[in-house]
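**Q**
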Amino acid sequence: DAGTPVAGRSANDLSIKLDRKTSVEGAYPIVLVSFHVVCATYDKQETADLVKAFENYVVSDAGQKAAADSAKSAPLSKSLADKAAKAIASIKVKA
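Counting from 1 along the sequence shown, just add 134 to a position and that's the residue number in this note's numbering.
1) Is it the case that the segment 172 to 188 contacts the segment 210 to 225, given that we only count it when at least three CB pairs across the two stretches are under 8 Å?
2) According to DSSP, what are the bridge partners of Y191?
3) Which class does T175 belong to by DSSP, given the choice of helix, strand or coil?
4) CB-CB under 8 Å to C173, same chain, minus the five flanking residues each way: which ones, in chain order?
5) So V193 and A218 are supposed to be a Cβ contact under 8 Å. How far apart are they, rounded?
6) Tell me, please, which residues DSSP counts as bridged to I150.
7) In angstroms, rounded to a whole number, what distance separates the CA positions of S211 and G142?
8) Is it right to say A221 is buried, meaning 16 or more other beta carbons lie within 10 angstroms of its own, or is it exposed?
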């Protein structure tokens with residue numbers, strides 16, 4: 135959460151600029167970063183639904199627990215999980 139959003143990106147792009155020299159209290163300079171790149175629009179409803187279901191699982195409590203158990207990672211903060219959920223909800227099907 136100490137990362138700064140990368141300027142010039144779309145509203146649902148959650149890219150951040152890492153500051154490895156941060157002085158933010160409680161921040162740890164080593165990070166485990168994973169990212170998902172998905173389309174904002176899909177040709178078929180079925181594809182959009184599958185992508186949204188998977189991405190919603192990833193940011194869910196169950197998905198975060200699975201990631202923590204597997205990679206020993208910290209869970210997403212509520213703030214970041216909420217932003218991700220908003221981005222996932224914005225996925226559409228071409229009209």
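All residues carry an ideal CB built from backbone N, CA and C; glycine is no exception.
**A** In short, the structure shows the following:
1) yes
2) Bridge partners of Y191: none, in fact.
3) strand
4) V185 and I225
5) 5 Å
6) P139
7) 23 Å
8) buried
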